[in-house]
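K.L.:
What follows is a structure written as structure tokens; I'll ask about it next.
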Amino acid sequence: MNPILIPIILPLASALLILLISEKTRYIKELLTIAVTGICLLSAISIIASALFGVSMEFASAWAGSGIAFTLKADKLSSFLLLGLSLFSFVIAIYSFSYKQKGNAGWFYFNLLITASFSAGAALADNMVTMLFFWEGLLIFLYSFIALSQSGQNSKKTAMKAFLINGVTDLCLLTGICITGYIAGTMSMAGISLNKLTLDGWAALGYVLMLIGALSKAGAIPFHTWIPDAALDSSAPFMAYVPAAVDKLLGIYFLTRISVYLFTLNGFAQLGLMTLGALTILIAVMMAFVQSDYKRLLSYHAVSQTGYMILGIGTLNPIGIAGGLFHMINHATYKSCLFMTAGSVERQTGSNDLSKLGGLFGVMPVTAVCFIISAAAISGIAPLNGFFSKELIYAGTLNTGYTIFFIAAELGSVLTLASFLKLGHSVFFGKRPEALNSTREAPFSTLLPMLILAGICVAFGFGARLPAQFLIDPSLQGLGLVHTEAIAGFHFNGLFWTSIVVILIALINHIFGLAAASGVASKSSDHIHYAPGFKEIYAMAERRMFDPYEQTMKHLPSLANILYKVDRFFDYLTDDLPSFVANSFSRTSQRFHTGSYPLYMALTIAGIAVYIIFTANYGGIK
Amino acid sequence: MINSFTLDWFFITLIFSAGLYCMLVSRNLLRQFIGLEIMSKSCLLAVISVGSVTGNLALAQALIITMIVIEVVVVAVGLSLLVKNYRLTNSIDIWSLNNLRG
Amino acid sequence: MTYHTLLFILVATAAMTAVMARNLLLSAIMLALVSVGASLILFDFQAPWAAVFELSVCAGLITVLFVSAVSLIRNEEGKVKDLRARFYAMPLVIAIVAVATWFYGIPFFDSLKNCALSGGRNNSLGSILWDIRRFDLLGQVSILAAGVFVINSIFPRRKKQK
Amino acid sequence: MTTSLLAYLLIPLFTAILIPFAARKRQKLADILATVTLLAGLINIGAILFNPANIANSFAGVPEDGFALLMIFVIYLVALCVTFFSAYFIGEDSKVNRVPYYSLIMTSVAAMCGIVIAGDFFTLYIFVEVLAVTSFAMITSDDSAKGLEGAIKYFLLTFPASLLILFGIAFLMLTAGTFSFENIKIIIASGMPVGPVVFAVSLILLGFLIKSGVVPFHTWTPDAYEGAYAPVSAYLAGIVTKISGVYAVIKISIMFRLFEIRAYHTADILMFLGMLSIAVGALAALRQKEFKRMLAFSSISQIGYIILAAGMGTPLAILGAIFHLVNHATFKTVLFLNSASLEKGAGTSDMRKLGGMEHSMPWTSWTSIVALLSTAGVPPLSGFWSKLIIIIALWDGGAKTYAVLALLFSVVTLAYFLIMQKNIFFGKPTEASRNAREVRPAMLAPVVVMCLLIVALGVFFPYIYAYLVETIAARIIL
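Protein chains in written order, with the numbering used here: chain A, 4 to 625; chain B, 568 to 669; chain C, 402 to 563; chain D, 13 to 490.
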């Protein structure tokens, strides 16, 4: 078998196998999943090695005919992505080994493996229709993943929300792909890239529609709203896996593909993308800053960080794109790690509420260390990976000349750090509540993945040259981008000093907040939360006034009612009206045929008279 | 001066409408047949009038003889239906013939 | 006012009387008068064969049929409540028809007369016509046979035997 | 009128006269005589129609046109079915008097043959009257009050038709000097003004429209069919009213093609009345509770198709009209005979009292399914093809609205027949149907033969079409 098929077929087959395994067995499903994802990781390594040092693997098979072929192509970007996806699948599989609050184990691993398989397929697919197939498959299992992760009604509702948002945007994607494929004359991405499209006429529409699909997958504003809800209504492994890792990776991957690989963008599109990125950063981080739930706070950050990637790719210069891609993998790493710490805390304490947590550093030191590392990474503190990717993005942004976006991004950084100061302070430091005194450290199977990911954060930070050389640079080459600047390395330039300033501002803000909240860490954001002007906006946000989905849903019943009436009308036209008319005519005729001879005679005579007058006038004598 | 043919037809129309009026107005089955008979007469007169004006008197006579034979059989059949109906239902009211409806 | 026109007036009057008469027997007799009038008209048209047939069959046989039918249902006669007013309105209706025909019908009949194909055919002899219309005799035989079967069917002899 | 086909008229007439004498002592002899006569006639006409030599030279050696031959065949076929059926239907205790009954049937066969082979309008009129007179008597065969009511209504409501025909003949005599079909054609061809002739022919046409029961002159039809003695209603609906009215309408509409533009308005009226009949018949049939009455309305609707096609007047439309006339004779005979079987087997043909009859009377049930599907125009049965021809002809002739409406109302046809089938034959057995028994095989035989004919006409349609074109279109239309 072609090794390129392993990451797709193996998880798929084992997912089906898992459903056959009895409910009562213990650890078989878990071990099977770990083994399968491990094999996938190994094959992903071999694939990327082949892509980096040899020829890209390919697999092609005639599928539906007429230009739609089942084509997989592991070029450098795809195999880089595949590596990331496989890594997270593997780590999550380990993490959820002993994690109890993940719903039915069989279904959880089924969904996990299916997601792994389909995401690998989407990453590797070269033909856009093939990619769409996997992409839509992910959508279906996104629903089942959320819906089956908790037994309550809320998870179903959130699952439906996620499903609808992604379903609509996937429909856009479908339309966009059709338009693009029609204009380009081929469905193969490699084929289109040979002769890139420009944004004019229908092609622009196709690009925008595909952009919507990609952004929605990545979870950018305004398609992000299901993620914070899912943070409350689903399990930590799911959050660590899908919204934090897989969706980000795929969304940004496809964004890169279309923006760089398939289309030649103009300045207007660049400005639009960067604006969108900056807005995503700011709005999401503002929301994140005031959250009081561990996972929900993290989920807003997951949205906010997407903004950096979009900003980076939107710059359209190699440095910015490299930053976007680097940030993509970095973000997945530390955000997964953060969600895992959240899961671990939830697992050990039973709570996610910041006001009920505190002082856990003493009892959960490993978790706390992992948290600190990844929080530092996400905040862009110097030698960790987040610093380097953000630095690349800042540099790319400055290269475009739009300083305002740089400032917005830095402001986002300040708030990010501030919110993590608040989070870390309220969870791991400060005074420990009485109820948490018996808390113990999480088991090894939970700690191991966190350690792995935290280790990657550190490694990619201190040895940023390594991923830059072996992952990012080849990906840029794969995209056909040429750059002259070094994309990795620690420089004591202006950006470093800016980051120091950022750290200081955040610290000052935190101290000020603490003072304002009289020492309660979980309330250290209240001075902004309840500041005049912000207060109302936040209150409206809490009421979901800005959630397009909720707003649509609110107005949907009336719309649906109108549509229902319209439908009834058509139904009436096709079903009831004919039979009603026929019946009423029939009844009239029945009433008419009274058997009364005079009536019949009169009718006959009248008919004769009309006939004779007509024929005499038109056909006859004159 | 109105010619003979036109005047004939004027009276034929009157006789015909008398018969028609009888058929329309009467409830008595027998009167229906009387009206019918009067209408037949007007028809007969029409044929002979046409035969006269076209000079086809011989043909008209042939037709009239056949028509009279048919007329007598039809009237006989009609009257026998009437009598049969009278024997069965004891009524010759045409308005009572409304058992078949719907 | 020729004899011809008088005959037509006679027939029309007799017809109206037949319709309007309260007594069914009178109606039947008036019907016979209509037939007699028609027969006279036929004589006037120089159609003696038809006139004799009309006189014997219609004025004779049909009147007999009507009178016997009237006698068979005599006791029923009074039961049927005809609206007499409608019959009394008849002269009015006929008058209206007459006026209407005078204005609309007469031009129509005139135009009909103008369409008439006259001449060239009155040299045909009766015997030749009988020859041409030979098939009608078959029809007459059929309808007479049918009449016999119908009477036989409607008034079966079997009943009398029982 | 030619004398070549006179035998088909004279022999049944002779049998009719013979029956009262021959069957005086043994009543059973009446139906044997009638059946034998009809069978002999059927074989004879079949031999002429299906003689390969005749077909090969397009009936050049046969004096009459193919339409007349075909009609004689159908007349004999339906009459034979009805006499054969009646022979077993008339029970020992029936009020029906066999001798005059069979005499009347034979006379009406003779009259119908007279209509078909008549060469002028007056002869046509005579035989139409003969046919009408016999039908009145046949309707009242069983001495029921309903039958009498139907007969009297039939008598009085179609009487204006006779007058109209006679006035039309008078006008024809005045304006054309003749009423023979051939001579009228010659006169038209001679190029003289035809307006008055058209008027005269339109009057005659109106008479025949009344006789064929077209809306709004249809009012006698349901009453006569419902009241009639059961096998007689099959005979009436299957062939009698078709020959006495529709045949002449088709004949006149063929003639109308010669009148060119002067007759267009009359043809328009004809099409309008045809469409009206389709609509009113189909809609009125929807809610009928009495099987025979529903069939009567269905008959009105089907006649509408024939009239519509005749009004269209193109060769294809006339062909469709004739083929539909033949088909109508087959399937309507089957349905009416089945209603008679129901009366015999279950004692009633009221839909409200029947249900689930397929268990007790399976043959009746399945034959009626075949017939109703054919009526509704479901392929590959014969009714489908004739309706298809008619609709195609309408579409080609430019009457697209009529074509669409005709198509629509065949759906309604299917609807009411399915309602009927559901109410009577499917569903839960009722009290009446639990006690019902299938009628004897001899009574099923005519129905089954007709059903086979329906299927055969449908399945072998290509041959039938070629045959129709050769026999009918080649001689009378083109």
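Think of the CB as a built atom: it goes at the ideal place given N, C-alpha and C, for glycine as much as any other residue.
Quick one: what's got a C-beta closer than 6 Å to Lys165 (chain D)'s C-beta in the same chain, skipping five residues either side?
P.N.:
These residues qualify, in order along the chain: Trp232 and Asp235.
K.L.:
Whose C-alpha, out of B:Leu648, B:Asp660 and B:Gly586, is nearest the C-alpha of Val435 (chain C)?
P.N.:
The residue with the shortest Cα to Cα distance from Val435 (chain C) is B:Gly586.
K.L.:
Give me the residue from A:Leu265, A:Lys105, A:Thr597 and A:Pro551 with the minimum Cα distance to Ser663 (chain B).
P.N.:
It is A:Thr597 whose Cα lies nearest to the Cα of Ser663 (chain B).
K.L.:
Please identify the residue among A:Ile324, A:Gly466 and A:Ser358 whose C-alpha is closest to the C-alpha of Ala385 (chain A).
P.N.:
Nearest of A:Ile324, A:Gly466 and A:Ser358 to Ala385 (chain A), Cα basis: A:Gly466.
K.L.:
Considering Cα atoms alone, identify which of A:Pro446, A:Asp578, A:Ala524 and A:Ser392 is closest to Tyr102 (chain A).
P.N.:
Comparing Cα-Cα distances from Tyr102 (chain A) to each of A:Pro446, A:Asp578, A:Ala524 and A:Ser392, the minimum goes to A:Pro446.
K.L.:
What is the DSSP secondary structure of Thr267 (chain A), counted as helix, strand or coil?
P.N.:
Here Thr267 (chain A) sits in strand by DSSP.
K.L.:
How many angstroms separate the CA atom of Leu320 (chain D) from the CA atom of Asp105 (chain D)?
P.N.:
Between Leu320 (chain D) and Asp105 (chain D), the C-alpha separation is close to 44 Å.
K.L.:
Output, in chain order, the set of chain B residues within a Cβ distance shorter than 9 Å of Gly239 (chain D).
P.N.:
Asn666 and Leu667, listed in chain order.
K.L.:
Given a threshold of 16 other Cβ atoms within 10 Å of its Cβ, counted over all protein chains shown, does Leu490 (chain D) qualify as buried or as exposed?
P.N.:
At Leu490 (chain D) the pLDDT is 48, less than 50, meaning the model places this residue with poor confidence and gives no usable figure here.
K.L.:
Please list, in chain order, all residues of the same chain as Ala457 (chain A) whose beta carbon is under 7 Å from its beta carbon, the five residues on each side excluded.
P.N.:
The answer, listed in chain order, is Cys340, Cys373, Ile376 and Ser377.
K.L.:
Going by DSSP, what residues sit across from Glu61 (chain A) in a beta bridge?
P.N.:
Answer by DSSP bridge pairing, in chain order: A:Lys76.
K.L.:
For a cutoff of 8 Å on Cβ pairs, would you count Val644 (chain B) as touching chain A?
P.N.:
No, its Cβ sits nowhere closer than 8 Å to a Cβ of chain A.
K.L.:
Spell out whether any CB of chain A is found under 8 Å from the CB atom of Met634 (chain B).
P.N.:
For Met634 (chain B), the answer is no, since every Cβ of chain A falls outside 8 Å of its Cβ.
K.L.:
What distance in whole Å lies between the Cβ atoms of Leu145 (chain A) and Ala123 (chain A), which are believed to be in contact at a cut-off of 8 Å?
P.N.:
About 16 Å separates the two Cβ atoms, so there is no contact after all.
K.L.:
In chain order, what residues of the same chain have a beta carbon less than 8 Å from the beta carbon of Gly645 (chain B), not counting five sequence neighbours either side?
P.N.:
Once the five neighbours on either side are set aside, the close Cβ partners of Gly645 (chain B) are Phe600 and Leu603.
K.L.:
Is Val145 (chain D) close to chain B, meaning its C-beta is less than 8 Å from at least one C-beta of that chain?
P.N.:
Interface residue, yes.
K.L.:
Quick one: does Gly126 (chain D) have its CB under 8 Å from some CB of chain C?
P.N.:
Gly126 (chain D) counts as touching chain C.
K.L.:
For Leu215 (chain D) and chain B, any beta-carbon pair shorter than 8 Å?
P.N.:
Answer no: the Cβ-Cβ gap between Leu215 (chain D) and chain B never drops below 8 Å.
K.L.:
For a cutoff of 8 Å on Cβ pairs, would you count Pro112 (chain D) as touching chain C?
P.N.:
At least one chain C Cβ lies under 8 Å of Pro112 (chain D).
K.L.:
DSSP three-state call for Asn524 (chain C): helix, strand or coil?
P.N.:
Since pLDDT at Asn524 (chain C) reaches only 48, below the 50 mark, its modelled position is unreliable, and the value read off the structure follows with that caveat. Reduced to three states, the DSSP call for Asn524 (chain C) is coil.
K.L.:
According to DSSP, what are the bridge partners of Glu493 (chain D)?
P.N.:
No information on residue 493 (chain D) is available, as it lies outside the stretch 13 to 490 that chain D covers here.
K.L.:
Any beta carbon of chain C sitting closer than 8 Å to that of Thr656 (chain B)?
P.N.:
Not closer than 8 Å to any Cβ of chain C, the Cβ of Thr656 (chain B) fails to qualify, so no.
K.L.:
Considering only their Cβ atoms, is the gap separating Gln314 (chain D) from Thr387 (chain D) smaller than 8 Å?
P.N.:
Yes. Within cutoff.
K.L.:
Please decide whether Phe409 (chain C) counts as near chain B, where near means a Cβ-Cβ distance under 8 Å.
P.N.:
Chain B contact via Cβ: present.
K.L.:
Helix, strand or coil: which one does DSSP assign to Ser106 (chain D)?
P.N.:
In this structure, Ser106 (chain D) counts as coil in the three-state DSSP scheme.
K.L.:
In the DSSP assignment, find the alpha helix (DSSP H) that holds Cys459 (chain C) and state where it starts and stops.
P.N.:
Run containing Cys459 (chain C): none; DSSP gives neither H nor E here.
K.L.:
Drop a sphere of 10 angstroms on the beta-carbon of Asp78 (chain A), count the other beta-carbons inside from all chains shown, and report buried for 16 or more, exposed for fewer.
P.N.:
Looking at its Cβ environment, which holds 16 or more other Cβ atoms inside 10 Å, Asp78 (chain A) is buried.
K.L.:
Considering only heavy atoms of the ligand GTP, does any lie closer than 7 Å to the CB of Ala467 (chain A)?
P.N.:
In the structure shown, the ligand GTP is absent, as is every other ligand, since no ligand is present at all.
K.L.:
Below 8 Å on the Cβ atoms is my contact criterion, and I expect Leu517 (chain A) with Ser422 (chain A) to pass it. Report the Cβ-Cβ distance as a whole number of Å.
P.N.:
No, Leu517 (chain A) and Ser422 (chain A) are not in contact; Cβ-Cβ is about 14 Å, not under 8 Å.
K.L.:
Establish whether the CB of Val603 (chain B) and some CB of chain C are separated by less than 8 Å.
P.N.:
It should be noted that the sequence gives Leu, not Val, for residue 603 (chain B). Chain C, which has no Cβ nearer than 8 Å to the Cβ of Leu603 (chain B), makes this no.
K.L.:
Tell me where the alpha helix (DSSP H) around Met213 (chain A) begins and ends.
P.N.:
Run containing Met213 (chain A): Trp205 to Ala221, per the alpha helix (DSSP H) assignment.
K.L.:
Only counting the same chain, and skipping five residues up and downstream in sequence, which positions put a Cβ closer than 6 Å to that of Leu393 (chain D)?
P.N.:
Same-chain partners within the cutoff: Leu385, Ser386, Ile466 and Gly470.
K.L.:
Measuring only the C-alpha atoms, how far is Leu360 (chain A) from Phe266 (chain A)?
P.N.:
Going by the C-alpha atoms only, they are around 49 Å apart.
K.L.:
His330 (chain A) and Ser392 (chain A) - do their beta-carbons sit closer together than 8 Å?
P.N.:
Yes, Cβ-Cβ distance for Ser392 (chain A) and His330 (chain A) is below 8 Å.
K.L.:
Spatial neighbours of Leu611 (chain B) within its chain, please: CB distance less than 7 Å, with the 5 preceding and 5 following residues excluded, ordered by chain position.
P.N.:
Closer than 7 Å at Cβ, skipping near neighbours: Ile631 and Met634.
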